[in-house]
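Using this note's numbering, read the sequence shown as starting at 485 and increasing by one per residue. Before any comments, here is the structure.
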Amino acid sequence: MTVTGFLKTARLLRLLRVIRRIEAFAEYGSAVLLLLMVAFTLIGHWLACIFYAIATIEHAQLHAPISWLDGLANQTEMYFYPNDSTSGPTIKSKYITALYFTFTSLTSIGFGNVAPNTNMEKLFSIFAMMLGCEYALI
C-alpha cells in the first residue's frame, strides 16, 4: 500500500463520520422533510432538463410544428425561424415551462396547458407520472 492509498483510506473514514451525522439528523422529522423536498426538487429539475432535451431534439428532426415548444412559441409570439438557432422563446421561458410540466406530472395528472404531443414526449410523460406515483408512496 502506498502513501497516497493510505491517505485515501483515511478520507473514507471521514466519510463514515459524515454518514453517522446524517443518520443522527434523520431522527428529526423536519430534517427528513427537508431532505425529501430537496430530492423532489432535484428530480424535478432533472426531468425538466430531459423533457426540454427531448423537445429540442425532436423539434430539429420533425418538419411539422407539433412539439410543446411550438405551442409555447405560438403563445409567446416568439416564433422559430429556419437556420436561426436563437429564434423562438427564451431559454428561461422554455425551462420554466418544462419545470412546470414536470412538477404537474409528478404531483398530479397534469393540468393540460402544456401537453406532450410527440411519441417520445408521451413516453416521458408516462414515466414522469409513474415516478410521481412511486414518490407518493414514500
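In this text, a Cβ means the ideal position worked out from N, Cα and C, and glycines have one as well. Please read these numbers as outputs of a predicted model, since none were measured by experiment.
Boundaries of the alpha helix (DSSP H) in which residue i is found, first to last residue
i, result
"residue 609", "603 to 620"
"residue 516", "513 to 545"
"residue 580", "575 to 591"
"residue 558", "552 to 560"
Integer-rounded CB distance, given that residue j should sit under 8 Å from residue i
i, j, result
"residue 571", "residue 563", "7 Å"
"residue 589", "residue 613", "5 Å"
"residue 542", "residue 602", "5 Å"
"residue 637", "residue 532", "Since the first residue shown for the chain is 485 and the last is 622, residue 637 is missing from the structure and cannot be characterised."
Residue i versus residue j: straight-line alpha-carbon distance, rounded
i, j, result
"residue 607", "residue 498", "42 Å"
"residue 561", "residue 547", "19 Å"
"residue 515", "residue 523", "12 Å"
"residue 576", "residue 521", "23 Å"
"residue 583", "residue 621", "22 Å"
"residue 616", "residue 534", "16 Å"
"residue 556", "residue 503", "44 Å"
"residue 611", "residue 540", "19 Å"
"residue 538", "residue 553", "10 Å"
"residue 500", "residue 536", "38 Å"
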